[in-house]
Amino acid sequence: MVIKHVALDIVCGITSILPENEVPEIAFAGKSNVGKSSLINALMNRKSLARTSASPGKTQTINFYNVNHEMYLVDLPGYGYAKVSQSVKEQWGKLIERYLHKSKQLKAVFLLIDIRHKPSENDKTMYDWIVYNGYQPIIIATKSDKLKRSQIQKQLKIIKEGLELPKGAQIIPFSAQTKQGREEIWALAEELLFA
Ligand code: GTP
Ligand code: MG
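Structural data, given as structure tokens:
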């Protein structure tokens, strides 16, 4: 993918009306702090257009990044962020659900899991939702730079087993630091959007 134009076009909070876009969308879902915003920056070749933070709970709105006027990369708030109140968690959950159920342009939901961790119950719920709604599940195992090469396969197996992935399901190790996996993710994104 040659990046010619990127911009943050639309920001939606809990009371926002969601946009009815005319170009296809890919959403990035996952636990708080897993690296969703960092992945979107890496895909767009930007350092900090999508705001990131070492503390979880950074992205609190749904942010639509326009790429080349031909698609949106959609940054979602993370789930499982312990520090906010139950009612805020529920409001974010409802916002995400509302978007995932209502968007007419959503073509794929990429699920991000930290490569060092066993998937959580929330991860499993998200995975099941993706499959149930007919999307091809694409799992991205983030922060692969944090592991030695020899550990990567073992951790991928733990993620596969935790989510009960079918044989041959795609799981892509990715690092926002080394950009490992970036080309593979773009290839898949383009295939899902334009094939
Ligand atoms: P929320 O918006 O809070 O849901 O988090 P997020 O999933 O958008 O995560 P974000 O991209 O803000 O990254 C969280 C932290 O992890 C930041 O300190 C990032 O620098 C770090 N991080 C993200 N990706 C990587 C990676 O591939 N490798 C390493 N080492 N750190 C990463
Ligand atoms: Mg974020």
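The UniProt record's numbering puts the sequence shown at residues 1 to 195.
Every residue, glycine too, gets a C-beta built ideally from N, C-alpha and C.
By the DSSP assignment, the alpha helix (DSSP H) with residue i in it spans what residues?
i	result
N41	K36 to M44
T125	E121 to Y132
S87	Q86 to K102
Verify the contact flag: residue i, CB atom, against every heavy atom of the ligand GTP, threshold strictly below 7 Å.
i	result
G151	The question names Gly, yet the displayed sequence has Gln at residue 151. Checking every heavy atom of the ligand GTP against the Cβ of Q151, none is found closer than 7 Å.
D145	yes
A54	yes
S16	no
V67	no
T142	yes
N63	no
Could you say which of the options lies nearest to residue i if we only look at CA atoms?
i	options	result
N133	I140, H5 and K107	K107
M1	S53, L18, N68 and I62	N68
P137	Y127, S144 and K94	Y127
G78	S16, A189 and D123	D123
K58	S120, S32, D145 and A195	S32
T15	A141, Q60, T125 and G80	Q60
T52	K36, Q177, G93 and I140	K36
I130	Q155, E121, A29 and E190	A29
I140	W92, E183 and E70	E183
Y81	Q151, A54 and E190	A54
Y72	P119, E22, V88 and E191	E22
residue 202	L156, V88 and G168	No statement about residue 202 is possible, as the shown extent of the chain runs from 1 to 195 and does not include it.
K167	F110, I159 and F174	I159
H101	L43, Q180, L18 and A50	L18
V109	I115, E121, I96 and H117	I96
L76	A27, K94 and G162	A27
I172	K143, L192 and E70	K143
S103	Q170, I185 and E25	E25
Any heavy atom of the ligand HEM closer than 7 Å to the CB of residue i?
i	result
A176	Annotation note on the ligand HEM: not contained in the displayed structure, which lists the ligand GTP and the ligand MG as its ligands.
Looking at the secondary structure, which residues open and close the beta strand (DSSP E) in which residue i lies?
i	result
Y72	M71 to D75
Q170	Q170 to P173
F106	Per the sequence shown, the amino acid found at residue 106 is Leu instead of Phe. L106 to D114 is the span of the beta strand (DSSP E), which, as asked, contains L106.
L163	Careful: L163 lies outside any beta strand (DSSP E), inside the alpha helix (DSSP H) at R149 to L163.
I185	Taken as a continuous stretch (DSSP letters only), I185 belongs to no beta strand (DSSP E), being part of the alpha helix (DSSP H) at R182 to F194.
V11	V6 to C12
V67	I62 to V67
I26	E25 to G30
I138	I138 to T142
Excluding the five sequence neighbours on either side, which residues of its own chain have a C-beta within less than 8 Å of the C-beta of residue i, listed in chain order?
i	result
K47	N41
Just to confirm, does residue i get its C-beta within under 7 Å of one of the non-hydrogen atoms of the ligand MG?
i	result
D75	yes
K83	no
K102	no
Residues in the same chain with beta-carbon distance under 6 Å from residue i, minus the five sequence neighbours each way, listed in chain order, please.
i	result
L165	none
Would residue i pass as an interface residue toward chain D - the criterion being a Cβ-Cβ separation below 8 Å?
i	result
I10	The structure shown contains no chain D; it holds only a single protein chain.
In chain order, what residues of the same chain lie with their CB nearer than 7 Å to the CB of residue i, ignoring the 5 residues before and after it?
i	result
Y99	L18 and I62
Query raised in the report: Does the count of Cβ pairs from the region 3-15 and the region 63-81 closer than 8 Å reach three?
Result: Yes, the region 3-15 is in contact with the region 63-81.
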